[in-house]
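The UniProt record's numbering applies: residue 1 is where the sequence shown begins, and numbers increase by one.
C-beta: ideal position from N, C-alpha, C; glycine also.
Small disclaimer: the values here were computed from a predicted structure and weren't measured.
Worksheet: one structure, shown below.
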Amino acid sequence: MNNNELVEFFKLLANQRRLEIQMLLNESCMTANEVAKSLKMDISTAFRYLDQMARKGLLRVIHTKDGDRFDLASEHIMHILEEASMLLKKPGIFSGNAVFHYSVDTKELPKPDIVLDVRGEMCPIPDLQTRNQLTKMQPGQILMVILDYPISKERILNHCKKQAYTVWIAEKGADCVLCIQKPIEYRKD
Numbered sequence: 001m002n003n004n005e006l007v008e009f010f011k012l013l014a015n016q017r018r019l020e021i022q023m024l025l026n027e028s029c030m031t032a033n034e035v036a037k038s039l040k041m042d043i044s045t046a047f048r049y050l051d052q053m054a055r056k057g058l059l060r061v062i063h064t065k066d067g068d069r070f071d072l073a074s075e076h077i078m079h080i081l082e083e084a085s086m087l088l089k090k091p092g093i094f095s096g097n098a099v100f101h102y103s104v105d106t107k108e109l110p111k112p113d114i115v116l117d118v119r120g121e122m123c124p125i126p127d128l129q130t131r132n133q134l135t136k137m138q139p140g141q142i143l144m145v146i147l148d149y150p151i152s153k154e155r156i157l158n159h160c161k162k163q164a165y166t167v168w169i170a171e172k173g174a175d176c177v178l179c180i181q182k183p184i185e186y187r188k189d
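Set out below in structure tokens:
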């Protein structure tokens, strides 16, 4: 990427509405109608912004039977947004007590109570199924999620960080295996 392309990239994100759309898509892929509704904006304006960002490579379009869904083009876009928001936070503030264990071998992963295989699924299926399963689980239980959609992996890890889950991560090729342990709740007597 040359300097002119980098300047154009930041010009595109300098628009408040486009940045709001990017932050919204950081959580889940959406249709133009869902974006417009969430940000209380006109549908044609939302579609125009989404289309511009897709043509510039910041978003990708997922064609579904229910219409086009827009998602971040790569996990790198998600990391840029996260890093920018971290710069704006006050220094010394730590959010959550999540623990992440990185492993190279799936044999080192803990034995799961539940297995969820979402390989081949596109946004928002892996994210939603994982969150739904986690809400049904008891504290201390372990959910194994097998997926191959990199942005969903990042979204799931962000959710785990916010919820202070313990996560074991193993990657093999395009597949990623996450073992997520729901925290054990302690009662104060």
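{"Item": "Buried versus exposed call for residue 175 [16 or more other C-beta atoms within 10 Å across all chains shown]", "Value": "exposed"}
{"Item": "In chain order, each alpha helix (DSSP H) run of at least 4 residues that lies wholly inside the UniProt domain \"HTH arsR-type\" (1 to 92)", "Value": "3 to 14, 16 to 25, 32 to 38, 43 to 55 and 75 to 88"}
{"Item": "Residue 152 classed as buried or exposed, judged by whether at least 16 other C-beta atoms fall within 10 angstroms", "Value": "buried"}
{"Item": "Range covered by the beta strand (DSSP E) that runs through residue 181", "Value": "175 to 181"}
{"Item": "Coil, strand or helix - residue 108 by DSSP", "Value": "helix"}
{"Item": "For residue 142, the three-state DSSP class (helix, strand or coil)", "Value": "strand"}
{"Item": "Backbone CA spacing between residue 160 and residue 144 [nearest angstrom]", "Value": "13 Å"}
{"Item": "Residue 105 vs residue 170 beta-carbon contact at 8 Å", "Value": "yes"}
{"Item": "Which of helix, strand or coil DSSP assigns to residue 171", "Value": "strand"}
{"Item": "8 Å Cβ cutoff met for residue 167 and residue 146", "Value": "no"}
{"Item": "Residue 182 classed as buried or exposed, judged by whether at least 16 other C-beta atoms fall within 10 angstroms", "Value": "buried"}
{"Item": "Residue 165 burial status per 10 Å Cβ neighbour count (16 or more: buried)", "Value": "buried"}
{"Item": "Three-pair Cβ contact test at 8 Å for the stretch 105 to 116 versus the stretch 51 to 67", "Value": "no"}
{"Item": "Range covered by the alpha helix (DSSP H) that runs through residue 114", "Value": "No alpha helix (DSSP H) contains residue 114, which is instead part of the beta strand (DSSP E) from 114 to 117."}
{"Item": "Nearest neighbour of residue 137, chosen from 121, 148 and 114 [CA to CA]", "Value": "114"}
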